[in-house]
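Student:
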Ligand code: DC
C-alpha cells in the first residue's frame, strides 16, 4: 500500500518544525524532525567527548545510539533512555549537528533511521534533504524559507519569551553561518527539490503557511 509523504525542507528558523508538527497533527500522520537525529548525535558525541572530525568514531556512536521520540505539544527525545529534550534546541547543539551533517558517511548511517518513519497512515518529514534525498518519491514537497532577518527576529522572540538572554545580531550571524554550511556542503546540501512548492513565510503567519500546505495536500 502506498504511504503518503509530505516533505518540508528549508533553512533553520523558517518555521518548518511548528508547521510540520501542526500539519501532521491535523492529518493524523507521523512526524519526522530529521534535524533532531543530527542534534541527538551531536549530544551523544559531546557526552562521549568524541572529536567531531573523527568520522570513524562518529559512525560507531551513530550506529549504537537508541532514540525514542514522543510527539506531543513539543517533541520529546530520549537518547539511550535519557531525556535530552532540553539540550536539543541549543544553538551549540545545532552548530555541531550542522558540522557533522557535512560528513557523507554520517548521513548514510542516519538515512535508514529516517526512512523507517515512513509508516501508515502517512508521514510529514522536515529537514534539509527530505524531498531531494531521503524521500525523493514523496508526492507532496514544500520548500519553506524566510529572510535571515525575520528568522533571527523570531528566534530572538522565542528566547526572550523563555526569559533566556539573547542578542539579535549574534543570532542572525549564527543563522547565516549555519545556512552557508548547510547549503555549501557536497553531501545532500540544503536545496529545493524541482517539484517542491516554494513558500516564503517572511510576511506570513504560521496559520497562513499551514493553510497553504494543507491546500497542497487536498
Ligand atoms: O533543522 P535543525 O536546525 O534541527 O537541524 C540541525 C542541523 O542538522 C542543520 O543545521 C543541518 C543538519 N540537518 C541536515 O543536514 N539534514 C537534515 N535533513 C536535517 C538537519
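Numbering (our numbering), first residue to last: 1 to 218. We treat Cβ as the ideally placed atom computed from N, Cα and C, and that holds for glycine. On a predicted model such as this, the values are computed, not experimentally measured, just so you know.
1. Could you tell me which residues DSSP pairs with residue 5 in its beta bridges?
2. Once DSSP output is grouped into helix, strand and coil, what is the label at residue 165?
3. Is it true that the CB of residue 93 sits closer than 7 Å to the CB of residue 39?
4. Would you call the stretch 156-168 and the stretch 94-114 touching, i.e. three or more CB-CB distances under 8 Å?
5. Could you tell me if residue 56 is buried or exposed, where buried requires 16 or more neighbouring beta carbons within 10 angstroms of its beta carbon?
6. Please name the residue in 148, 133 and 147 whose C-alpha comes closest to that of residue 141.
7. Inspect the CB distances between the stretch 143-153 and the stretch 67-77 and report whether three or more fall short of 8 Å.
8. Measuring alpha carbon to alpha carbon, tell me which of 13, 5, 7 and 9 ends up nearest residue 174.
9. Rank 42, 209 and 29 by C-alpha distance to the C-alpha of residue 98 and give the top, closest one.
10. So, for residue 62: in the same chain, excluding its five sequence neighbours on each side, which residues have a beta-carbon less than 7 Å away from its beta-carbon?
11. If we ignore side chains and look at the alpha-carbon of each, how far apart do residue 218 and residue 34 end up?
12. Let me check you understand the geometry: is the CB of residue 34 closer than 6 Å to at least one non-hydrogen atom of ligand 1?
13. For residue 103, which residues of its own chain have a beta-carbon under 6 Å away from its beta-carbon, when the five flanking residues on both sides are left out?
14. Can you tell which of 29, 190 and 25 has the C-alpha that lies nearest to the C-alpha of residue 129?
15. Can you give me the start and stop residues for the beta strand (DSSP E) that residue 111 sits inside?
16. Near residue 31, what residues of its chain come up, given a Cβ to Cβ distance below 7 Å and the 5 sequence neighbours on each side ignored?
Tutor: Reading from the atomic positions:
1. On the chain shown, residue 5 is found 5 positions in, with the first residue counted as 1. Answer is 123.
2. The count along the chain shown starts at 1 and reaches residue 165 at position 165. Residue state, collapsed to three classes: coil.
3. Counting from 1 along the chain shown, the entry for residue 39 is found at position 39. Counting from 1 along the chain shown, the entry for residue 93 is found at position 93. Yes, the pair counts as a contact, with Cβ atoms nearer than the cut-off.
4. Cβ pair count under 8 Å is below three, so no.
5. Your numbering for residue 56 matches position 56 in the chain shown. Burial call: exposed.
6. Along the chain shown, one-based indexing puts residue 141 at 141. Checked all of 148, 133 and 147; the closest Cα to residue 141 is 133.
7. No contact exists between the stretch 143-153 and the stretch 67-77.
8. For the purposes of this step, residue 174 is taken as the residue at position 174 of the chain shown. A check of alpha carbon separations from residue 174 across 13, 5, 7 and 9 identifies 13 as the nearest.
9. On the chain shown, residue 98 is found 98 positions in, with the first residue counted as 1. Comparing Cα-Cα distances from residue 98 to each of 42, 209 and 29, the minimum goes to 42.
10. Working through the chain shown from its first residue, we reach residue 62 at position 62. These residues qualify, in order along the chain: 41, 106, 109 and 110.
11. Residue numbering aside, residue 218 sits at position 218 when the chain shown is read from its first letter. Residue numbering aside, residue 34 sits at position 34 when the chain shown is read from its first letter. In a straight line, the C-alpha of residue 218 is about 24 Å away from that of residue 34.
12. As a first step, residue 34 must be located in the chain shown, where it is residue number 34. Yes, since a heavy atom of ligand 1 falls inside the 6 Å radius drawn around the Cβ of residue 34.
13. Looking up residue 103 in the chain shown gives position 103. The beta carbon of residue 103 sits closer than 6 Å to the beta carbons of 55 from its chain, once the five residues preceding and following it are set aside; these are given in chain order.
14. Position 129 of the chain shown, counted from the first residue, corresponds to residue 129. Looking only at 29, 190 and 25, the smallest Cα-Cα distance to residue 129 is reached by 190.
15. Counted from its first residue, the chain shown places residue 111 at position 111. Note, residue 111: premise wrong, no beta strand (DSSP E); alpha helix (DSSP H) at 104-115.
16. For this step, residue 31 is matched to residue 31 along the chain shown. 20, 21, 24, 71 and 124.
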